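Chains as they are written, first to last, in the numbering used here: chain A, 1 to 472; chain B, 1001 to 1472.
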């Protein structure tokens, strides 16, 4: 196991070098997180379909539980339970619009992950950095439990648990637990836990920070300790269910319409119903869930005792429990929305729940149709300062403050930007498939070959893989 | 599936070109053998251990059910249920003795299998061809059900079901069903079914042919038909057991001593006992089998209701049913040894059962210790002309005929050659391990990582694989 230990030490050292200006030592944060024993037991896997041209090159990586679906490279990168989704990579000749530039891609976009250490991390690839449209890099980065790197090339950074970097290029940053950053380009910053920051330079700036003490109950991470809190407990309580899934015994079978897809590594518990054009992604967890036409359950989300009427997006890591969602509700990354059996959470049509929103109440909550919702909410009263009609926001010209939220700039641009993106997500996921046209992931992911790969079982290289190259 | 069909057609054409001088068309023999549907459903796999340096390169091959364990290459080669065992490949710097030559290997030996089509075929690699010690090639070859290619580079040939080519280099040959050829170098020959031919140029020549009509009941293969007979039925009757094995549900667990190994893809049915230093290889089938110390059960063998006292070799494809084997009995490739519950077959110590021997009797049979046995036997009486004390044979100087067997040359060289080989097999398989020294496959194969690979599930390339390269 010596080579695996060396690799780990090297990654920690490299990240510390990158973060030296911020005077941050990642060592005490990561030293007890990773069980090398555990790493050697896992198998990794990758999917092959006719729709995603592949070019994988893995070198010495420990790729436990991966799934890539498109061009890829790694070098010495540990990727524990990761999914590096390359199924939306740009192709040679595609034109990318950035401000006034129309940039034609010179080559197929590819992913490169060098000496990084990603721990139960999601990466969804599509570089939005106009300087590196052909390459999605994640070099010398450590990302912890359930962090997301979404369309965001990143280098030399450290992401805490449940942190998300979205449509952002990031260098040498420290992102606190449960922070969501969508900010264009960011370097040499330390972001406090629970920060929700959405910025489009020259257009708008949305800023909110979860109240420190309250957030601690949900997620809390200090040097020398393991992450703790309600979010961690929620995931840990369901750990055993997952083990069943990786023992390749068949689970309860479930009827899936021809226009929908259920990933072989999704977990479906009893009384779940799947409508047309529905996408259930890898490592989504559904229990007594009703998925209406065009709804999707993205990677690492949980939908429990809930009803989604249709065209609902549940983004990566979103958690929906004891809730009823009208059509076209969007639930952003890592949101934690929990009603109770006797006091359900009800969300009206076309609501946008911002990423990293917490709604957790033992009283019934109703959210009016067409609302934007954010922040920390344990009662209907909290929502008064943590939500706003989208209609109202779209008329804001110069900014607005409400509760802990500050908005600067043009509300119309913010709202239409969000609506465009939700529409794009539904389209890409196949929600608008009519039997012939508009196919997306729900249709294309129906029939994936999964190849499993295991590390050296013993010796110097125990826990590492041979170099693996896979080409079309 | 078009690319798979094209590949198949191309292989058939290439073999026909190679066999044009023999005026042989393989097409009617193979056209109905292969279900393309079936091929797309299978997954292949390969083993990784720290003991076998690997360098796999698979290109477009359909590698259903493979397992390689060492350096390898393929190009467009269909390898249905094959195991290309590279765990005895020679290494750079090894010295190979051939006649008066001492040949030093310039590079690690590697395997190359180009446009071949191997169907449920075993290949065990170690080139004995002094002209190509660094490469074990199998180009443009079709090999059918349960054929063996054992230490035998081969090109442009066609092997019928249960045919074996052993320690031989072969070009453009047709080998009939159930024939065993160990003959140095052979080209442009057509070998009739049931031929047992063991030749060492300038030393000896052993020749026997199974009686045609009797052999037909056991294995029979004609153009336009599937192979038929008792051997095929025997395998087919146990087909369902195998399906359980590939559904990765755990079977009955069984105690395996620390010095022994049981392959994850071997099939163990109840009441089997495994002693020390025992090797149970991939796709061995054991039911109510007693495996004494140092016994081995090689790939594709069946041992049922039988007792092997120790240091017994059951070579690839050997079948032992209702039999008792004293210590140090050797059972050669594809032998079919079947007693009955009330009239068992008993084989004395240090017997050598020649490859492709049939003993199938409803009367009890006893074989004296130290016998060489061959040919077709359904009664004790048959053995009078199909066996000989090894002691007696070793004194033969100029040849001998007995029943249908003809022996020319030096009996001592034949007997000592066989004994050396058996000793080498036991040694290589770890039968002589003492807790520290003399480890072999039984000890080294204990902890293999198995990687499974699947073909494209759909589209033009359905049933074929992407190019896969795996390096240390």
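Backbone N, C-alpha and C define an ideal beta-carbon position, used for all residues, glycine too.
It should be emphasised that the depicted structure is a prediction, and the values quoted were computed from it without experimental measurement.
| Asked | Found |
| --- | --- |
| Taking buried to mean at least 16 other C-beta atoms within 10 Å of its own C-beta, is residue 87 of chain A buried or exposed? | buried |
| Using a Cβ-Cβ cut-off of 9 Å, state whether residue 1462 of chain B counts as contacting chain A. | yes |
| Does DSSP classify residue 1456 of chain B as helix, strand or coil? | coil |
| Need the endpoints of the beta strand (DSSP E) that residue 1184 of chain B sits in, please. | 1184–1187 |
| Given that a residue counts as buried once 16 or more other Cβ atoms are within 10 Å of its Cβ, and exposed if not, what is residue 395 of chain A? | exposed |
| What does a CB cutoff of less than 7 Å around residue 451 of chain A pick up in its chain, not counting 5 residues either side in sequence? | 45, 46 and 48 |
| So, is the C-beta of residue 459 of chain A closer than 9 Å to a C-beta in chain B? | yes |
| Give a yes or no on whether the minimum CB-CB distance between residue 1474 of chain B and chain A is below 9 Å. | No information on residue 1474 of chain B is available, as it lies outside the stretch 1001 to 1472 that chain B covers here. |
| Determine the direct distance from the alpha carbon of residue 1137 of chain B to that of residue 62 of chain A, and round the result to whole angstroms. | 33 Å |
| If we cut at 9 Å on Cβ distances, does residue 259 of chain A have a partner in chain D? | Among the protein chains of the structure shown, namely A and B, there is no chain D. |
| Let me make sure I understand the geometry here. Which of B:1075, B:1459 and B:1388 has the alpha-carbon closest to that of residue 1114 of chain B? | B:1075 |
| Check the Cβ-Cβ distances between residue 1022 of chain B and every residue of chain A, and say whether any is below 9 Å. | no |
| I'd like to know whether the C-beta atoms of residue 1408 of chain B and residue 1204 of chain B end up nearer to each other than 9 Å. | yes |
| From A:372, A:400, A:361 and A:456, pick the residue whose C-alpha is nearest to that of residue 381 of chain A; which is it? | A:361 |
| For residue 467 of chain A, would you say it is in contact with chain B, using Cβ-to-Cβ distances shorter than 9 Å as the test? | yes |
| Looking at residue 1472 of chain B and the ligand COA, is the gap between the Cβ and the nearest heavy atom below 8 Å? | Ligands in the displayed structure: none, and consequently the ligand COA is not present. |
| Quick one: Cα of residue 347 of chain A to Cα of residue 312 of chain A, how far? | 11 Å |
| From the DSSP output, in three-state form, read off residue 87 of chain A for me. | coil |
| With a threshold of 9 Å between beta-carbons, can residue 1471 of chain B be considered close to chain A, or not? | yes |
| For residue 1448 of chain B, which residues in chain A fall below 8 Å Cβ to Cβ? | 457 |
| As an exercise, report each continuous alpha helix (DSSP H) stretch of at least 4 residues that is fully enclosed by the segment 1288–1334 of chain B, in chain order. | none |
| If we count Cβ pairs, one from each stretch, closer than 8 Å, do we get three or more for the segment 1166–1177 of chain B versus the segment 1142–1152 of chain B? | yes |
| Can you give me the C-alpha to C-alpha distance between residue 52 of chain A and residue 242 of chain A, rounded to a whole angstrom? | 27 Å |
| Taking C-beta pairs closer than 8 Å, name the residues in chain A that residue 1049 of chain B reaches, listed in chain order. | 456, 457 and 458 |
| At a Cβ threshold of 9 Å, is residue 1054 of chain B touching chain A? | yes |
| Given a cut-off of 9 Å, decide if residue 121 of chain A and residue 455 of chain A are closer than it, judged by their beta-carbon atoms. | no |
| Identify every residue that forms a DSSP beta bridge with residue 1143 of chain B. | B:1118 and B:1159 |
| Report all residues from its chain with a CB closer than 6 Å to the CB of residue 190 of chain A; omit the five preceding and five following residues, and keep chain order. | 22 and 174 |
| For the segment 1272–1283 of chain B and the segment 1385–1405 of chain B, state whether three or more C-beta atom pairs, one from each stretch, are separated by less than 8 Å. | no |
| Could you give the uninterrupted runs of the beta strand (DSSP E) lying entirely in the segment 342–396 of chain A, keeping only those of 3 residues or more? | 345–347, 358–360, 365–367, 371–373 and 387–389 |
| Using 8 Å for Cβ pairs, my map puts residue 1402 of chain B next to residue 1378 of chain B. What's the rounded Cβ distance? | Not a contact, Cβ separation roughly 18 Å. |
| Between which two residues does the beta strand (DSSP E) containing residue 1095 of chain B stretch? | 1095–1098 |
| Please report the straight-line C-alpha distance between residue 421 of chain A and residue 297 of chain A, rounded to a whole angstrom. | 16 Å |
| Alpha carbon to alpha carbon, how far is residue 442 of chain A from residue 250 of chain A? Give it in angstroms, no decimals. | At residue 250 of chain A, the pLDDT of 45 sits below 50, so the modelled position is not reliable; the number obtained from the coordinates is stated separately. About 21 Å. |
| Three or more C-beta pairs under 8 Å: does that hold for the segment 106–113 of chain A against the segment 65–81 of chain A? | yes |
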